[in-house]
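Working notes for the structure below.
Number of protein chains: 2
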Amino acid sequence: MPEWRKDPLVERWVVIATERGKRPCDFKVPVDEKKEGRCPLCPGNEKETPPEIIAFREQGTRRDTPGWWVRVVPNKFPAVRVEAKEGVRRHGVYELMDGLGAHEVVVEAPDHDAYLVTQNNRQFEEVIWAWRQRHLDLRRDSRLKYIHIFKNFGQTAGASLEHTHSQIIATPMIPVDVREELQGMRRYTQATGRCILCDVLDQEMAERQRVVTQTDKFLSFAPFASRFPFETWIVPREHQHDFGEIRPDQVPDMARVLRDTLLRLRESLGGPPYNLVLHTAPVNETDTMHYHWHVEILPRLTIMAGFELGTGFYINPTPPELAASTLREQEVFCLPPVMEHAQREVTRYV
Amino acid sequence: MPEWRKDPLVERWVVIATERGKRPCDFKVPVDEKKEGRCPLCPGNEKETPPEIIAFREQGTRRDTPGWWVRVVPNKFPAVRVEAKEGVRRHGVYELMDGLGAHEVVVEAPDHDAYLVTQNNRQFEEVIWAWRQRHLDLRRDSRLKYIHIFKNFGQTAGASLEHTHSQIIATPMIPVDVREELQGMRRYTQATGRCILCDVLDQEMAERQRVVTQTDKFLSFAPFASRFPFETWIVPREHQHDFGEIRPDQVPDMARVLRDTLLRLRESLGGPPYNLVLHTAPVNETDTMHYHWHVEILPRLTIMAGFELGTGFYINPTPPELAASTLREQEVFCLPPVMEHAQREVTRYV
Chain Z
1 MPEWRKDPLV ERWVVIATER GKRPCDFKVP VDEKKEGRCP LCPGNEKETP PEIIAFREQG
61 TRRDTPGWWV RVVPNKFPAV RVEAKEGVRR HGVYELMDGL GAHEVVVEAP DHDAYLVTQN
121 NRQFEEVIWA WRQRHLDLRR DSRLKYIHIF KNFGQTAGAS LEHTHSQIIA TPMIPVDVRE
181 ELQGMRRYTQ ATGRCILCDV LDQEMAERQR VVTQTDKFLS FAPFASRFPF ETWIVPREHQ
241 HDFGEIRPDQ VPDMARVLRD TLLRLRESLG GPPYNLVLHT APVNETDTMH YHWHVEILPR
301 LTIMAGFELG TGFYINPTPP ELAASTLREQ EVFCLPPVME HAQREVTRYV
Chain G
351 MPEWRKDPLV ERWVVIATER GKRPCDFKVP VDEKKEGRCP LCPGNEKETP PEIIAFREQG
411 TRRDTPGWWV RVVPNKFPAV RVEAKEGVRR HGVYELMDGL GAHEVVVEAP DHDAYLVTQN
471 NRQFEEVIWA WRQRHLDLRR DSRLKYIHIF KNFGQTAGAS LEHTHSQIIA TPMIPVDVRE
531 ELQGMRRYTQ ATGRCILCDV LDQEMAERQR VVTQTDKFLS FAPFASRFPF ETWIVPREHQ
591 HDFGEIRPDQ VPDMARVLRD TLLRLRESLG GPPYNLVLHT APVNETDTMH YHWHVEILPR
651 LTIMAGFELG TGFYINPTPP ELAASTLREQ EVFCLPPVME HAQREVTRYV
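Line by line, the protein sequences are chains Z and G. Positions 1 to 350 (my numbering) are the ones given, in order, by the first sequence. Positions 351 to 700 (my numbering) are the ones given, in order, by the second sequence.
Below, the structure written as structure tokens:
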């Protein structure tokens, strides 16, 4: 018998096919065609992007030239813009406003053919530092209410550039999905005095059925009401509402568990397309301490169709218990932990 | 400058690229590979589906044999099942229940190669009668709270069978997307005494910028805050909360405007994949009179990626005004309005 499961944070029910769960071999993982032509994100082509906002680069190298290992630039075709004006206008029954916001690209490594996961932990840490630094800078614009950090991997998941990268879109309103999580978490805290996601972590650590991997500071697990096959969440084990407040001692752990999880997905499924989204408390808002930030990795092995788009509910053919045991038992190879630049003195904070 | 636009029903903001809107020629419309093998939905293969629930068929023909022009069968691989038990269980912090519900397939024509739109209006009417009849029957099960009628067209939109068909999934809870519309509509009615979608229709009829096509009883238009390029809604012009209450005099109009809209999409874009969802008031619930039912046609020309999946907001590269004028100005061919079976005496209500 299939099962309806409810997300503990929001009003989202998911049908889990518990009987004959789809395993990795049941999915056809699309293979992207290699793109021809010059890559605007490669070292040497820095002039093809707008001027860099920040870069972690070797000392003595100049802005917008090679020598960086992580580089953040404005999106050349931004969905939203910082030059726009604030303020909602009415047009009859409708509301609209200028396309205010920020849209940036985080180039996660210089090597065009690098996957994020085949970089070492240290490179991953640097990406997290870049995310954090942009988060802290963007929130200084009091017109912005949310900073959305995300990554599209593979054409099926919406990646239009091959070169490993993530994106940041800051918006002048709280996204509806984050608002709903915020409200759900607030209700739970008001009712119990505890945090729902802290309680979820406790239960997952005790049951271990849905755990993928863990470190001292982070847990990676397949959520009880997973929307997608092999969906995995990465959550800090201590309550922390705001990704911007991640501490230096948490970063290496986060890099390790994130990379380990993505490696397991890649080894189990053969490089599936995925979206990675970082959910954190809204910025420039009060009463957000009950939020608990986390990363959601959403593999795109199924198609969202008329059921999902019409209801907001999902049908998931792979029970999270099966997904977690597959990923947990997957052997992963390890890369040497230290890359060249990591041993040099670097200017990380430009 | 791009524009943020808010959906009038729910808290959903969409970025509309107003400057260089993407036109039909800017989209690569996928061409599905023709499938080999026997089609379980074709006449003669009736034994390959579970026994039919209803069929509109020629008098004297037997159940589960040819002679039908619309046929409804249980889904052979149902996501949810009527045999399941009601009642939410707890598992620690989580909630779950048996996979209660109904999952049916509406075979919309006997001809394997028919598109729904190349059928005539009368065939389309028959499909709407089948939807209505199943809606009215399913709601008699008081455990069910919503009857979701939808159609996936094209592999990119999730269609796994080529033969023209739609689906019905009835659920024991109100889908979150419908609940949000319901709440938004209720708030507006409480504040103004009017229906928001009635007011939207008035404004659209007055402005005409986003109108695609209309009849006496239905309006087809590109919504102000369209999530998808060429998204089109079809709404009854008189306030009606419940699709199940559609009257005989509305059915031919609905068939005409629905078919006309889908034809325009097909002629403009070359048969794009789409999802069609019918949003109507929940069943077996009180206080739903302020709802206004409607059909949403969601072409799948863009990819929902990390922005959409992480925020619930959308980026739409085609302004609805451009989409509507393209569709409005599209010439459409007409098929002869009468098919053979339509002139016979038929058993429509089995």
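The C-beta atom is built at its ideal place from N, Cα and C for all residues, glycine as well.
His292/Z is bridged by DSSP to nothing; it lacks a bridge partner. As DSSP reads the structure, Lys151/Z sits in a beta bridge with Leu276/Z. Using a CB distance below 7 Å, the part of the region 435-446 of chain G facing chain Z consists of Gly442, Val443, Tyr444, Glu445 and Leu446, ordered along the chain. The three-state reading of DSSP puts Ile653/G in coil, since its state is none of H, G, I, E or B.
Straight through space, the alpha carbons of Lys356/G and Lys378/G are spaced by roughly 28 Å.
Asn316/Z carries a strand assignment under DSSP once its states are collapsed to helix, strand and coil.
DSSP links Arg5/Z through a beta bridge to Val14/Z and Leu446/G. For His498/G, the closest of Gly312/Z, Val277/Z, Ser325/Z and Glu321/Z by C-alpha to C-alpha distance is Gly312/Z. CA-to-CA, the gap between Trp479/G and Val455/G works out to about 14 Å. About 6 Å separates the CB atoms of Asp64/Z and Pro51/Z; that is less than 8 Å, so the two are in contact.
Annotation: the continuous alpha helix (DSSP H) that includes Thr189/Z extends over Val176 to Thr192. Using a 10 angstroms sphere on the CB of Thr514/G, the tally of other CB atoms reaches 16 or more, which defines it as buried. Any Cβ of chain Z closer than 8 Å to the Cβ of Met555/G would place that residue at the interface, and such an atom is absent. The Cβ-Cβ distance between Asn471/G and Ala605/G falls below 8 Å. For Glu108/Z, the secondary structure class from DSSP, reduced to helix, strand or coil, is coil.
For the pair Gly417/G and Gly394/G, the Cα-to-Cα distance works out to about 9 Å. Taking 8 Å as the cut-off, the Cβ atoms of Thr611/G and Ile665/G do not count as close.
Phe224/Z reaches chain G at Tyr444, counting residues in chain order whose Cβ is nearer than 7 Å. Note that the region 619-631 of chain G touches the region 290-306 of chain Z; at least 3 beta-carbon pairs, one per stretch, sit closer than 8 Å.
Taking CB atoms only, Trp233/Z has no neighbour in chain G less than 8 Å away. Three or more Cβ pairs closer than 8 Å define a contact, and the region 241-248 of chain Z meets that threshold against the region 286-300 of chain Z.
About 6 Å separates the Cβ atoms of Thr213/Z and Val257/Z, confirming a contact at the 8 Å cut-off. Straight through space, the alpha carbons of Glu95/Z and Val176/Z are spaced by roughly 16 Å. Residues of chain G with a Cβ closer than 8 Å to the Cβ of Leu276/Z are, in chain order, Gly656. Chain-order list of chain Z residues neighbouring Lys501/G: Gly306, by C-beta distance under 9 Å.
In this structure, the CA atom of Ile403/G is about 16 Å from the CA atom of Ala459/G.
For Gln190/Z, there are no neighbours in chain G by C-beta distance under 8 Å, as the nearest C-beta there is about 16 Å away.
Residue contact check for Trp4/Z against chain G: a CB pair falls below 8 Å. Note that the C-beta distance between Val178/Z and Val365/G is not below 8 Å. At the C-beta level, Val211/Z and Ala324/Z come within 8 Å of one another. The Cβ atoms of His292/Z and Leu197/Z sit closer than 8 Å to each other.
Taking a beta-carbon distance threshold of 8 Å, Thr630/G does not count as an interface residue toward chain Z.
When DSSP reads this structure, Ser220/Z sits in a beta bridge with Thr213/Z and Ile234/Z.
Going by C-alpha positions, Ala114/Z is about 18 Å away from Arg57/Z. Using a Cβ-Cβ cut-off of 8 Å, Trp293/Z does not count as an interface residue toward chain G, since no Cβ of chain G sits closer than that to its own. At a Cβ-Cβ threshold of 8 Å, Pro374/G and Lys495/G do not count as neighbours.
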